[in-house]
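Protein chains: 2
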Amino acid sequence: MQVSMEPTEPMSEPSPGLVSAAIQAITQHIRAEGLAPGDPLPSEAAMTRQLNVSRTVVREAFRSLSAMRLIDMSAGRRATVAKLDTGAMSMVIEHGITTQQISVQQVYDVRRTIEMRTVALAALRRTDQEAAAIGRSARLMRENFRNPEAVMEHDIAFHEAIAAASHNPVFSLIVTAFSGVTRRTWVIGWRTRSSDEAQLKMIKGHEDIAEAILKGDPRLAAEHMAQHFDKSVKALLDAGIA
Amino acid sequence: MQVSMEPTEPMSEPSPGLVSAAIQAITQHIRAEGLAPGDPLPSEAAMTRQLNVSRTVVREAFRSLSAMRLIDMSAGRRATVAKLDTGAMSMVIEHGITTQQISVQQVYDVRRTIEMRTVALAALRRTDQEAAAIGRSARLMRENFRNPEAVMEHDIAFHEAIAAASHNPVFSLIVTAFSGVTRRTWVIGWRTRSSDEAQLKMIKGHEDIAEAILKGDPRLAAEHMAQHFDKSVKALLDAGIA
DNA sequence: TCCTTAGAACCTGTATTACAGGTTGTTATA
DNA sequence: TATAACAACCTGTAATACAGGTTCTAAGGA
Chain A
412 MQVSMEPTEP MSEPSPGLVS AAIQAITQHI RAEGLAPGDP LPSEAAMTRQ LNVSRTVVRE
472 AFRSLSAMRL IDMSAGRRAT VAKLDTGAMS MVIEHGITTQ QISVQQVYDV RRTIEMRTVA
532 LAALRRTDQE AAAIGRSARL MRENFRNPEA VMEHDIAFHE AIAAASHNPV FSLIVTAFSG
592 VTRRTWVIGW RTRSSDEAQL KMIKGHEDIA EAILKGDPRL AAEHMAQHFD KSVKALLDAG
652 IA
Chain B
412 MQVSMEPTEP MSEPSPGLVS AAIQAITQHI RAEGLAPGDP LPSEAAMTRQ LNVSRTVVRE
472 AFRSLSAMRL IDMSAGRRAT VAKLDTGAMS MVIEHGITTQ QISVQQVYDV RRTIEMRTVA
532 LAALRRTDQE AAAIGRSARL MRENFRNPEA VMEHDIAFHE AIAAASHNPV FSLIVTAFSG
592 VTRRTWVIGW RTRSSDEAQL KMIKGHEDIA EAILKGDPRL AAEHMAQHFD KSVKALLDAG
652 IA
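The listed protein sequences derive, respectively, from chains A and B.
Mind the numbering: the first sequence is residues 412 to 653 in this note's numbering, read in order.
Mind the numbering: the second sequence is residues 412 to 653 in this note's numbering, read in order.
Structure (structure tokens):
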């Protein structure tokens, strides 16, 4: 099957390597066929024949796309086009953090920038259901106030819910991608708020945001969000996080 | 070598599949060893022994990380930890666009939000060298004014240079990730500016931004950037881009 | 002694074969 | 007609083989 030592396609070696070429062929197929999430892709065997490479190469290509969550794979079934997912972005951000190419503070600056916008959009566009979900997360933060782990998860859900209410999936994608970083640093900020009073004040900040969204006041919502982030960054800096 | 049908590690099968486990083991290794960009990773053979799986599995794991640009691979050499790269993010965004899960307009809204910040930061933090690079891109747009392709590339370089001058690599990462989308839609916006006058006006907008950055005026810079995006979005809408 | 060079050792890239197990559609039987 | 068994196809993982690139070392020559 690997007779051809002469390139059957003399043009356009896209990047060194058959696997890269296969990845490109697959994404190209999705584009050309106009596939939507859930639609099935060709089988590995079919791709093997079409590209005239070994199954190994095709598998590594499929697996790579699966790792980026561009496609879904499962045993016995064809691979399918995946719904938008934050998996790859999260990994890139985490990689940047763990290799110290980006700092936590830089992430918070980006979050502040983006979430000042998502909160304003949410105030303008949120459905009643979305406003309720945002309020519920804030309420659950207060109710679980003695359980930091729970507060954190509701905090993260709060911000993701706001991003969802912005009705722009790109914002959701980015905000959700940062959640992993938040999980690793959140506790630090919580601990610097040593008194019950300081911690409840932080929760109150979330309730203010939720209320502004409910009222549909984008300017007020953005203001509260900005204050929230300023305090969070200050807490991280106080704890010595660069 | 594959004797174990009983799980040697009874706990924490992270997700169904040996490959996912291998990916996690590699990223875990990077974290645990505190590896920096350029540092070498274990060879495939070493990983094969350590995880007690076949080389196939290890290879697919390495390849997946390579596809996300978290590691660099090349024949004969060990894989190394990669510098922060926009590859994976670009692919996610492009996937969202081609499968119509996100719209071009939504991307522009995100870009506007982010770049109003990067331009303000650039005005505050830019080095003289960075200010010069930004100005140069604007100038090259005007000089190549009859060659749309060239204008586009300098336009993209302009925005990436501003992001770089913000001195926050996360902003750079995101802005650069959007460049692919820009390349696919830029011409549409250019065409709606049918007259020379309208096209030169758009270039003038870039020069205004560059000047504000040079002067170190973040408010003015952000204002010009906002106007630029408002006009660009209007141009896309006039052309019927949802 | 120092530089050059040939080669060994190790590494990745790709192909091939094999088999286990999941999924799906079809057919035969109750 | 409904159900159950089966065949065909698919992916998951393993093992092996070989080609070609990289690196280090040691032998040989200046």
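Here a beta-carbon is modelled for each residue, glycine too, at the ideal position from N, C-alpha and C.
Top-ranked residue by Cα proximity to residue i, from the options
i	options	result
A/D483	A/G600, A/T587, A/P448 and A/K626	A/P448
B/A472	B/I508, B/G507 and B/G428	B/G428
A/S485	A/A436, A/T596, A/S454 and A/N579	A/S454
B/V469	B/K626, B/M458, B/S477 and B/E564	B/M458
A/L446	B/S431, B/H506, B/I441 and B/R489	B/H506
A/E618	A/E444, A/A542, A/R460 and A/T467	A/A542
B/V586	B/A443, B/K645, B/L476 and B/Y519	B/Y519
B/L481	B/A456, B/L462, B/V521 and B/T438	B/T438
A/R488	A/L584, A/N463 and A/A456	A/A456
A/P559	A/V464, A/A433, A/S605 and A/A623	A/S605
A/N463	A/A433, A/V503 and A/V644	A/A433
A/F640	A/A443, A/H440 and A/R522	A/R522
B/L625	B/G546, B/F569 and B/A436	B/G546
A/I567	A/P580, A/N579 and A/R595	A/R595
B/H570	B/P629, B/F556, B/L631 and B/M636	B/M636
A/T529	A/L631, A/S643, A/D450 and A/A646	A/L631
A/M502	B/S477, B/K642, B/T524 and B/T509	B/S477
Coarse secondary structure for residue i, derived from DSSP in three states
i	result
A/I599	helix
A/I482	strand
B/P451	strand
A/V521	helix
B/P425	Residue placement at B/P425 is poorly supported in this model, since its pLDDT is 44, which falls under 50; the coordinates are not used for a value here.
B/T529	helix
A/V515	helix
B/V414	Bear in mind that the predicted position of B/V414 carries a pLDDT of just 38, short of 50, making it unreliable; the figure below should be weighed with that in mind. Reduced to three states, the DSSP call for B/V414 is coil.
B/V464	coil
B/P580	helix
A/T438	helix
A/T491	strand
A/D496	coil
A/E420	Unreliable placement is indicated for A/E420, whose pLDDT of 35 sits below 50; the coordinate value is still reported in the next sentence. DSSP places A/E420 in coil when its eight states are reduced to three.
B/R536	helix
A/D628	coil
B/S475	helix
B/R470	helix
B/A457	helix
B/I652	coil
B/F589	coil
A/F556	coil
A/T509	helix
A/G445	coil
A/S431	helix
A/S604	First, the amino acid is wrong: residue 604 of chain A is Arg here, not Ser. Coil.
Listed by chain order, chain B residues near residue i by CB distance under 8 Å
i	result
A/I585	V521 and I585
A/R442	T509
Listed by chain order, chain A residues near residue i by CB distance under 7 Å
i	result
B/H506	L481
B/T524	T524, I525 and R528
B/V562	Those do not exist, as B/V562 stays about 26 Å from chain A at its closest Cβ, beyond 7 Å.
Chain B residues whose Cβ lies nearer than 7 Å to that of residue i
i	result
A/S475	R474, S475 and A478
A/Q435	Within chain B, no residue comes near A/Q435; the closest Cβ sits about 11 Å away, beyond 7 Å.
Neighbour list for residue i in chain A, Cβ cutoff strictly below 8 Å
i	result
B/M502	T438, M479, L481 and A499
B/V518	V581
Per-residue contacts from residue i into chain A (C-beta, under 9 Å)
i	result
B/I513	L495, N579, P580, V581 and L584
B/A447	T510, Q511 and Q512
How about the stretch 518-533 of chain B and the stretch 567-575 of chain B: do they share at least three Cβ pairs that are nearer than 8 Å? yes
The stretch 583-592 of chain B contacting the stretch 610-619 of chain B, beta-carbon criterion three pairs below 8 Å: no
Residues, ordered as in the chain, of the stretch 587-613 of chain B that lie near chain A by beta-carbon distance below 8 Å: For chain A, none of the residues of the stretch 587-613 of chain B brings a beta carbon within less than 8 Å of one of its beta carbons.
Check whether the stretch 480-499 of chain A and the stretch 481-495 of chain B touch, using three or more Cβ-Cβ pairs below 8 Å as the test. no
State whether the stretch 502-518 of chain B contacts the stretch 544-564 of chain B, with contact taken as three or more CB pairs (one from each stretch) at a distance under 8 Å. no
Pull out every residue of the stretch 625-648 of chain A whose Cβ sits closer than 9 Å to any Cβ of chain B, in chain order. none
Listed in chain order, which residues of the stretch 452-474 of chain B have Cβ atoms closer than 8 Å to some Cβ of chain A? T467, R470, E471 and R474
Taking a Cβ distance cut-off of 9 Å, strictly less, list which residues of the stretch 534-557 of chain A are near chain B, in chain order. none
Determine contact between the stretch 644-653 of chain B and the stretch 599-607 of chain B, defined as no fewer than three beta-carbon pairs at a distance below 8 Å. Segments in contact, yes.
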